[in-house]
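Read the structure below first, then the notes.
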Amino acid sequence: MVYAAVTSRTHGDFGLPDVKAIDEEYRKLLTEVEGLKAKQNAASKEIPKIKKEGGDASALLAEMKALSDEITAKNEIAKEQESRLKDALLNVPNTPQDGVPVGEDETANLEIRKVGEPREFDFEFKAHWDVGTDLDILDFERAAKIAGARFAVNKGLGARLERALVSFMLDLHTGEHGYTEILPPFMVNREAMTGTGQLPKFEDDMFHLPAKDFFLVPTAEVPLTNLLSSEILDETQLPVRYTAYTPCFRKEAGSAGRDTRGLIRVHQFNKVELVKFTLPETSNDELESLTAAAEEVLKRLELPYRVVELSTGDLGFSSSKTYDIEVWMPSYGRYVEISSCSNFLDFQARRANIKFRRTGGGKPEFVHTLNGSGLAVGRTVAAILENYQNADGSVTVPQALRGYMGTELISNS
RNA sequence: GGAGCAGUCGCCUAGUCCGGCCGAGGGCGCGUGAUUGGAAAUCACGUAAACCGCAAGGUUUCGGAGGUUCGAAUCCUCUCUGCUCCGCCA
39 MVYAAVTSRT HGDFGLPDVK AIDEEYRKLL TEVEGLKAKQ NAASKEIPKI KKEGGDASAL
99 LAEMKALSDE ITAKNEIAKE QESRLKDALL NVPNTPQDGV PVGEDETANL EIRKVGEPRE
159 FDFEFKAHWD VGTDLDILDF ERAAKIAGAR FAVNKGLGAR LERALVSFML DLHTGEHGYT
219 EILPPFMVNR EAMTGTGQLP KFEDDMFHLP AKDFFLVPTA EVPLTNLLSS EILDETQLPV
279 RYTAYTPCFR KEAGSAGRDT RGLIRVHQFN KVELVKFTLP ETSNDELESL TAAAEEVLKR
339 LELPYRVVEL STGDLGFSSS KTYDIEVWMP SYGRYVEISS CSNFLDFQAR RANIKFRRTG
399 GGKPEFVHTL NGSGLAVGRT VAAILENYQN ADGSVTVPQA LRGYMGTELI SNS
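The opening position of the first sequence corresponds to residue 39 in my numbering, with each subsequent residue numbered one higher.
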């Protein structure tokens with residue numbers, strides 16, 4: 039059943055039967071090699087004894103030389119098998135939880151709730167790229183000059199709006215939702231990328247820096263989650279909540295022709311991320327509160343949005359359950375993703391080796407990890423420019439941001 | 001970027017020159033017990049993780065990866081990280 043659910047996803051055939059065969063073969067080899075090593079270890083204890091008693095160990099030494107060669111040969115085969123197993127395993131996606139809507143793609147997603155009403159305009163509204171360009175707070179042409187397509191330059195109150203949103207979001211999550219603010223590196227190594235599931239499958243989606251074999255972070259999820267890799271936490275520490283602002287860098291390789299204008303799909307955008315490490319038994323509740331924390335940003339900005347649960351076909355590679363928060367975007371005439379909140383169960387914890395020990399003691403167990411955007415800042419700017427635009431081309435600053443912006447209105451005058 | 005030094009069991013550290021008695025000693029911390037009216041102090045014992053196995057047990061790990069050897073914490077090579085000095089630099 040589970041297998042059927044997994045294979046119904048768009049990730050297609052990842053060869054689970056193969057994995058099983060490789061695994062069995064590997065275990066067989068491992069047992070064999072370990073038996074030989076046990077023999078070798080025993081003999082290694084005999085040799086010094088014989089020598090000490092003045093005996094002749096040469097016969098045993100010769101025997102051990104042969105054994106050593108055999109071990110080397112068999113071990114090599116076992117290692118090859120192990121790396122084949124690991125490669126195969128790294129390409130197996132997470133399993134959707136029971137209750138996740140089953141379907142081929144986003145058309146099977148389930149609307150969970152809708153908050154606020156899309157605004158009715160009594161004038162001809164503009165798309166955010168026009169609002170921003172006309173106010174001289176966004177500049178896509180000059181961005182293209184210095185970088186290329188799919189980049190934006192923010193200017194004046196446009197730059198300040200981006201900064202205001204970052205501060206507003208971080209203040210909300212640290213002050214009211216109990217998250218600890220982190221400012222991580224914006225480049226990470228291969229290991230970190232593998233820990234959260236971006237590698238090995240999605241290397242082509244990311245910017246790579248060959249000089250040091252680093253990757254520009256596609257999301258703060260990567261540095262934040264891997265912050266605790268290979269650690270064993272105390273149960274009392276859980277849940278750990280981290281939030282961070284980072285720019286995010288994405289190649290958008292497969293999206294040629296889509297969302298070509300504006301701030302919706304760019305190579306570099308700012309995002310405030312929420313990450314949680316939780317007990318296995320509470321992770322789904324924690325997903326609800328994490329999603330609520332992200333929604334709170336939109337509520338305070340008074341932007342209309344809805345929450346949808348992704349179907350099995352739309353679910354990301356590493357996730358077991360995901361809520362997307364979508365904000366109303368007048369120029370698109372529909373809701374557009376502004377946050378994605380996922381429960382990864384122990385999928386990332388296994389890859390990144392993040393464990394906890396229960397207070398009573400016992401063996402370390404894997405934590406559950408979750409994350410969500412809280413929120414994508416560029417898209418929030420787009421939503422504000424569109425939803426808060428006035429007939430004269432100015433933009434009213436949302437109440438919640440006025441302290442950060444130092445003004446109530448963005449206008450040309 | 002150049003030169004030098006260093007990375008050991010939660011933390012600090014012994015061991016590395018002279019390979020086997022070291023999966024590894026000591027201290028701190030922590031746990032259990034003794035002592036105590038209770039505590040402190042003291043004493044005793046215990047105190048890493050992963051994998052294979054029903055179990056008994058076995059295997060692996062002394063930053064990481066290779067190599068030499070019957071055998072590597074210890075010798076060799078590469079690499080990563082930290083510190084000091086020099087160069088450069090916000």
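All residues carry an ideal CB built from backbone N, CA and C; glycine is no exception. Bear in mind that the values here come from a model prediction, so they are computed numbers and not experimental data.
Hey, could you find the ends of the beta strand (DSSP E) residue i is sitting in?
| i | result |
| --- | --- |
| His406 | 406-414 |
| Ile220 | 218-220 |
| Lys401 | Per DSSP, Lys401 belongs to no beta strand (DSSP E) and is neither H nor E. |
How about residue i and residue j: do their beta carbons lie closer than 9 angstroms?
| i | j | result |
| --- | --- | --- |
| Val226 | Tyr280 | no |
| Ser321 | Leu408 | yes |
| Gly410 | Ala332 | yes |
| Ser380 | Ser356 | yes |
| Ala421 | Met367 | yes |
| Thr457 | Ala181 | Since the displayed the chain opens at 39 and closes at 451, residue 457 lies outside it and no answer follows. |
| Phe382 | Thr284 | no |
| Glu340 | Pro436 | yes |
| Arg303 | Arg296 | yes |
| Ala258 | Glu311 | yes |
| Leu276 | Val405 | yes |
| Asp174 | Ala190 | no |
| Leu99 | Ile109 | no |
| Lys112 | Val345 | no |
| Glu347 | Leu208 | no |
| Asp172 | Asn425 | no |
| Gly292 | Asp243 | yes |
| Phe315 | Val278 | yes |
| Ala165 | Ile220 | no |
Quickly, what does DSSP pair residue i with across the bridge? List them, please.
| i | result |
| --- | --- |
| Tyr361 | Glu347, Cys379 |
| Lys309 | Thr284, Ala414 |
| His246 | Phe253 |
| Asn192 | Leu176 |
| Leu148 | Glu347 |
| Tyr442 | Paired residue(s): none; Tyr442 is not in a bridge. |
| Lys314 | Arg279, Leu408 |
| Phe224 | DSSP output for Phe224 lists no bridge partner at all. |
| Arg372 | Met367 |
| Lys183 | Looking at the DSSP assignment, Lys183 forms no beta bridge with any residue, so it has no partner. |
| Arg395 | Asp272 |
In whole angstroms, what is the alpha-carbon distance linking residue i and residue j?
| i | j | result |
| --- | --- | --- |
| Asp362 | Pro318 | 22 angstroms |
| Gly92 | Asp107 | 27 angstroms |
| Arg388 | Phe394 | 12 angstroms |
| Lys193 | Glu273 | 46 angstroms |
| Lys90 | Val71 | 29 angstroms |
| Leu301 | Val169 | 12 angstroms |
| Pro402 | Glu241 | 31 angstroms |
| Glu200 | Gly431 | 19 angstroms |
| Leu127 | Ala104 | 34 angstroms |
| Gly154 | Asp125 | 46 angstroms |
| Ala5 | Phe159 | The structure shown has nothing for residue 5, since the chain only spans 39 to 451. |
| Ala81 | Asp384 | 42 angstroms |
| Ala43 | Val140 | Any reading at Ala43 needs caution, since the residue's pLDDT is 42, under 50, leaving its predicted position unreliable; the model's value is listed next. Straight-line Cα distance between these residues: approximately 7 angstroms. |
| Leu247 | Phe253 | 6 angstroms |
| Ile184 | His305 | 13 angstroms |
| Glu63 | Lys239 | 24 angstroms |
| Ala294 | Leu68 | 47 angstroms |
| Asn461 | Val260 | Here the chain has residues from 39 to 451 only, and residue 461 is not among them. |
| Asp61 | Leu353 | 27 angstroms |
| Asn264 | Arg417 | 26 angstroms |
| Arg396 | Asp143 | 39 angstroms |
| Asn308 | Pro222 | 14 angstroms |
| Met443 | Gly216 | 25 angstroms |
| Leu325 | Val335 | 16 angstroms |
| Leu74 | Ile88 | 21 angstroms |
| Leu237 | Gln386 | 12 angstroms |
| Leu328 | Glu120 | 37 angstroms |
| Glu101 | Thr360 | 59 angstroms |
| Arg198 | Gly441 | 12 angstroms |
| Gly371 | Arg65 | 56 angstroms |
If you follow the alpha helix (DSSP H) that residue i is part of, which residue opens it and which one closes it?
| i | result |
| --- | --- |
| Leu208 | 195-213 |
| Phe385 | 385-390 |
| Lys337 | 321-339 |
What residue ranges within the stretch 261-299 form continuous beta strand (DSSP E) runs of no fewer than 3 residues, ordered along the chain?
-> 269-272, 278-287
Report the residue ranges of all alpha helix (DSSP H) runs contained in full by the stretch 59-133; include only those spanning at least 4 residues, in chain order.
-> 96-128
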